[in-house]
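Presented below is the structure to which this report refers.
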Amino acid sequence: MQVRSTDSHNWLTRLRRSDIPTALLFLLPSLVILGVFNFYPIAGVFRLSFFKWDNLSPAKTFIGLDNFIRLFQSERFWNSLKVTAEYTLVVTAVSLLLGLVLAVFLNNRMLLGKSFWRSMFFLPVVTPTVAAAMVWILLFNPGFGLVNVVLRALGLDGLNWLADKTWALPTVMSLGIWRRLGFTLILYLAALQSLSKEYYESAEIDGANALQRFLHITVPLLRSTTIMLIILGVIDSFLVFDQVMVLTRGGPDDATEVIGMFMYLNSFSLFKLGYGAAISVVMFVVVAVFTLMQWRFVGFGSAEEAE
Amino acid sequence: MNLLRRPGAEPVTPRKVRITLILALILIPAAFVVLVPYLWMFTTSLKVRGTTGLPPYLFPNVFEFGNYLKAWQAAPFLRYYLNTTIVAISIIASRVVLASLAAYAFAFLRFPGRNLLFLLFLGTMMIPFQATIIPSYLIIRDLQWFNTFQALIVPRMVDAFSIFLLRQAFISIPRDYLDAARLDGCSHWQALWKVVVPLNSSSVVTMGLFAFLFAWNDYLWPLLVANSEQMRTIQLGLQVFAGRYQTEWTYMMAGTVTATLLPLILFLAAQRSFISGLTRSGLKG
Numbered sequence: 013m014q015v016r017s018t019d020s021h022n023w024l025t026r027l028r029r030s031d032i033p034t035a036l037l038f039l040l041p042s043l044v045i046l047g048v049f050n051f052y053p054i055a056g057v058f059r060l061s062f063f064k065w066d067n068l069s070p071a072k073t074f075i076g077l078d079n080f081i082r083l084f085q086s087e088r089f090w091n092s093l094k095v096t097a098e099y100t101l102v103v104t105a106v107s108l109l110l111g112l113v114l115a116v117f118l119n120n121r122m123l124l125g126k127s128f129w130r131s132m133f134f135l136p137v138v139t140p141t142v143a144a145a146m147v148w149i150l151l152f153n154p155g156f157g158l159v160n161v162v163l164r165a166l167g168l169d170g171l172n173w174l175a176d177k178t179w180a181l182p183t184v185m186s187l188g189i190w191r192r193l194g195f196t197l198i199l200y201l202a203a204l205q206s207l208s209k210e211y212y213e214s215a216e217i218d219g220a221n222a223l224q225r226f227l228h229i230t231v232p233l234l235r236s237t238t239i240m241l242i243i244l245g246v247i248d249s250f251l252v253f254d255q256v257m258v259l260t261r262g263g264p265d266d267a268t269e270v271i272g273m274f275m276y277l278n279s280f281s282l283f284k285l286g287y288g289a290a291i292s293v294v295m296f297v298v299v300a301v302f303t304l305m306q307w308r309f310v311g312f313g314s315a316e317e318a319e
Numbered sequence: 016m017n018l019l020r021r022p023g024a025e026p027v028t029p030r031k032v033r034i035t036l037i038l039a040l041i042l043i044p045a046a047f048v049v050l051v052p053y054l055w056m057f058t059t060s061l062k063v064r065g066t067t068g069l070p071p072y073l074f075p076n077v078f079e080f081g082n083y084l085k086a087w088q089a090a091p092f093l094r095y096y097l098n099t100t101i102v103a104i105s106i107i108a109s110r111v112v113l114a115s116l117a118a119y120a121f122a123f124l125r126f127p128g129r130n131l132l133f134l135l136f137l138g139t140m141m142i143p144f145q146a147t148i149i150p151s152y153l154i155i156r157d158l159q160w161f162n163t164f165q166a167l168i169v170p171r172m173v174d175a176f177s178i179f180l181l182r183q184a185f186i187s188i189p190r191d192y193l194d195a196a197r198l199d200g201c202s203h204w205q206a207l208w209k210v211v212v213p214l215n216s217s218s219v220v221t222m223g224l225f226a227f228l229f230a231w232n233d234y235l236w237p238l239l240v241a242n243s244e245q246m247r248t249i250q251l252g253l254q255v256f257a258g259r260y261q262t263e264w265t266y267m268m269a270g271t272v273t274a275t276l277l278p279l280i281l282f283l284a285a286q287r288s289f290i291s292g293l294t295r296s297g298l299k300g
């Protein structure tokens, strides 16, 4: 056996033999990147929201909560929240419902070519939003867009969809649903495939028909998946920007001005950076609340289901 | 399986045929509605210029491939492709290296504050990009990185989701493999690249796929920091092109096909690993 070394030598050896230096080395690059482009900016945006700072000029004035006060007094802000809420509600609900129904059909044993169907419905998820929005502009073109062509063939009048104050938002929603559907479908399908068949066998013995089994067995068993999809859907829809920017830029008037668009216009068209930062803070708080809710809810959900 | 009675290994019965037919009758129209935008895009991209209007038809019957040439001459799509490829490959490469390193540290190394740091990393997943965009924009401005590749690559070199995805995969491999490698005298670095990553290659590929799609479809960030003609990535380039040729629908759709095709092909080629990665991470996230 070796002679005991001095205390300090011992300490150094222990450190060298421990994982600490390696861990530091392995984590350092990630810490730097996340620090500079995540942690520092989120602190910075809170700080900036207390300042008046226009047009990137050097003069920054501390104004306390004035940005927030102006924001909460702004009709345009409340309008953007209302538009975002409508968009979120419709896109999340419709994609959830359609995704569930399609997943049940795709989960049927007698379906031929399951992975083919799954891929087809999933394609929109991997399609670039900007490119899809280009196609939407064409599909909803008032003159020769496919939608109006079909409507006219049915004897109805077509609309100028994206320029119509009532119909512009539903048109943007339709793109959102199209892009979201494959995602909910895939997650529901995965959840369905993991369900035990025993539930259904006993229900069949009890004489439950297909619809009853769907409503009383499938839907309750999918509860935690549904909650997770609702919250993920709300977060995703709440942050919608790309398709609005390409399709309408928030117009006509502000009929499709979602909060992401409102933030962009204030920050990068008008360069009211302090005010824009205040909008960013509101967006952060909403998303953070829903994320925390997801963690809590999913926890509760699985605890109840375990009973 | 759940809506309908399970058939077991019975021979083909009229009932089974009927169910298969009903399923096809429901799914074919549904898939048609989902896929019609692609068909309309493709058909329009092959029409003769000026005939977009009438009469409408769904399947291509003329094939004016010259539209693609025109679109590519009217805007530097080749440049957009090249820029996007450089950005995408850089992001994928750096995420494979940096996220693997961090995931290894979180999965296998002992150090004080490990759980706290991991939670802190996870916490960044609840920060929406739009919440940090103004300070990030100002950082790029102060570094004088506008219209450079650094601006598009460096902020995206690693992200919490990739680290999380890899860490979840890493902790599921049998600990014995790692211990054996360490006893053989492998350093942590060697153990990571010779044992852990090869054993989790499918997760690493999935993470790379997500990174590619992210880079290819990205729009808002390039719009803010790299909007010069030389630096535009594909989605941004497509939008600028469309703004310039608003009424030239055939060229516009040729450009759109150009910007859409690669991610679709890649997804179809790798759909199995893509979907399994998505469901795994989605269900845990």
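Respectively, the protein sequence lines represent chains A and B.
Heads up: the first sequence is residues 13 to 319, going by the numbering used here.
Heads up: the second sequence is residues 16 to 300, going by the numbering used here.
The C-beta atom is built at its ideal place from N, Cα and C for all residues, glycine as well.
Three-state secondary structure (DSSP) of residue i
i	result
A/D254	helix
B/K62	coil
A/F74	strand
A/A300	helix
A/S30	coil
A/K94	helix
A/K284	strand
B/Q205	helix
A/M13	Residue placement at A/M13 is poorly supported in this model, since its pLDDT is 46, which falls under 50; the coordinates still yield a value, given next. Reduced to three states, the DSSP call for A/M13 is coil.
B/T8	Since the first residue shown for chain B is 16 and the last is 300, residue 8 of chain B is missing from the structure and cannot be characterised.
B/P150	helix
A/W179	coil
A/L40	helix
A/K209	coil
B/G81	helix
B/R247	coil
A/N120	coil
B/Q261	coil
A/E317	Here A/E317 scores only 34 on pLDDT, less than 50, and its place in the model should not be relied on; the value that follows carries that caveat. The answer is helix: DSSP assigns A/E317 an H, G or I state.
B/M16	The predicted model places B/M16 with a pLDDT of 44, which falls under 50 and marks its position as unreliable; any figure quoted below should be read in that light. Note: B/M16 maps to coil in three-state DSSP.
A/Y52	helix
A/V293	helix
A/F312	Unreliable placement is indicated for A/F312, whose pLDDT of 39 sits below 50; the coordinate value is still reported in the next sentence. Reduced to three states, the DSSP call for A/F312 is helix.
A/V278	Rather than Val, the amino acid found at residue 278 of chain A in this sequence is Asn. The answer is helix: DSSP assigns A/N278 an H, G or I state.
B/I280	helix
B/Y234	coil
B/R33	helix
B/P189	coil
Short Cβ contact (8 angstroms threshold) for residue i with residue j
i	j	result
B/T99	B/W231	yes
A/N50	B/T147	yes
B/A274	A/A143	yes
B/F161	B/I101	no
A/F323	A/V231	As shown, chain A starts at 13 and ends at 319. That puts residue 323 of chain A outside it, with no answer to give.
B/F86	B/Y266	A quick correction: the sequence has Ala, not Phe, at residue 86 of chain B. Yes, they are a contact pair.
A/V95	A/V270	yes
A/F296	B/I142	yes
A/Y52	B/P170	no
A/L204	A/V116	yes
A/V161	B/P71	yes
A/L135	B/W55	no
B/L193	B/V211	yes
A/I45	B/V173	yes
A/Y276	A/M185	no
Bridge partners - residue i, DSSP secondary structure assignment
i	result
A/F63	A/F74
**Item:** Contact list for the region 32-46 of chain B against chain A, Cβ threshold 7 angstroms
**Value:** For the region 32-46 of chain B, the set of residues with a beta-carbon nearer than 7 angstroms to any beta-carbon of chain A comprises I34, T35, L38, I41, L42, A45, A46, in chain order.
**Message:** Short of 8 angstroms Cβ to Cβ, which residues in the region 253-268 of chain B face chain A?
**Reply:** So the list reads L253, Q254, A257, W264, M267, M268, given in the order they occur along the chain.
**Message:** Closer than 7 angstroms between beta carbons: that is the criterion. Which residues of the region 282-294 of chain B meet it against chain A?
**Reply:** Against chain A - using a Cβ distance shorter than 7 angstroms - the residues of the region 282-294 of chain B are F282, L283, Q286, I290, L293, T294.
**Near-chain B residues of the region 288-301 of chain A (beta-carbon distance less than 8 angstroms), N- to C-terminal order** = Listed in chain order, the positions of the region 288-301 of chain A with a beta carbon within less than 8 angstroms of a beta carbon of chain B are G288, A289, S292, V293, M295, F296, V299, A300.
**Message:** By the 7 angstroms beta-carbon criterion, what residues does the region 230-251 of chain B contribute toward chain A?
**Reply:** The region 230-251 of chain B vs chain A, Cβ under 7 angstroms: W231, N232, Y234, L235, L239, Q250.
**Asked** If contact means a Cβ-Cβ distance below 9 angstroms, which residues of the region 162-177 of chain B contact chain A?
**Response** Contact residues of the region 162-177 of chain B toward chain A are V169, P170, R171, M172, V173, D174, A175 (C-beta to C-beta distance below 9 angstroms).
**Item:** Contact set between the region 96-125 of chain B and chain A, restricted to residues whose Cβ is under 7 angstroms from the partner
**Value:** Within the region 96-125 of chain B, the residues whose Cβ lies closer than 7 angstroms to some Cβ of chain A are L113, L116, A117, Y119, A120, L124, R125, listed in chain order.
**Residues of the region 179-203 of chain B with Cβ closer than 7 angstroms to any Cβ of chain A, in chain order** = Of all residues in the region 179-203 of chain B, H203 have a Cβ within less than 7 angstroms of some Cβ in chain A.
**Request:** Compile a chain-ordered list of the residues in the region 41-53 of chain A whose CB is closer than 8 angstroms to at least one CB of chain B.
**Result:** Cβ contacts with chain B: P41, S42, I45, L46, V48, F49, N50, F51, Y52, P53.
**Near-chain A residues of the region 146-162 of chain B (beta-carbon distance less than 9 angstroms), N- to C-terminal order** = The region 146-162 of chain B vs chain A, Cβ under 9 angstroms: A146, T147, I148, I149, P150, S151, Y152, L153, I154, R156.
**Item:** Members of the region 271-284 of chain A that neighbour chain B once the beta carbon cut-off is set at 9 angstroms
**Value:** Answer set for the region 271-284 of chain A: I271, G272, M275, Y276, S279, F280.
**Item:** Within 7 angstroms of chain B by C-beta, residues of the region 245-258 of chain A in sequence order
**Value:** Of all residues in the region 245-258 of chain A, only L251, F253, D254, V258 come within less than 7 angstroms of chain B when Cβ atoms are compared, listed by chain position.
**Asked** At what residue ranges does the region 89-145 of chain B contain a whole run of the alpha helix (DSSP H), taking only runs of 4 or more?
**Response** Fully enclosed alpha helix (DSSP H) runs of 4 or longer: 92-123, 129-138.
**Request:** Could you name the residues of the region 138-150 of chain A whose beta carbon sits closer than 9 angstroms to any beta carbon of chain B, in the order they occur along the chain?
**Result:** V138, T139, P140, T141, V142, A143, A144, A145, M146, V147, W148, I149, L150: these are the residues of the region 138-150 of chain A whose beta carbon lies less than 9 angstroms from some beta carbon of chain B, given in chain order.
**Message:** Along the region 206-220 of chain B, where does the CB come closer than 9 angstroms to a CB of chain A? Name the residues.
**Reply:** Within the region 206-220 of chain B, the residues whose Cβ lies closer than 9 angstroms to any Cβ of chain A are, in chain order, L207.
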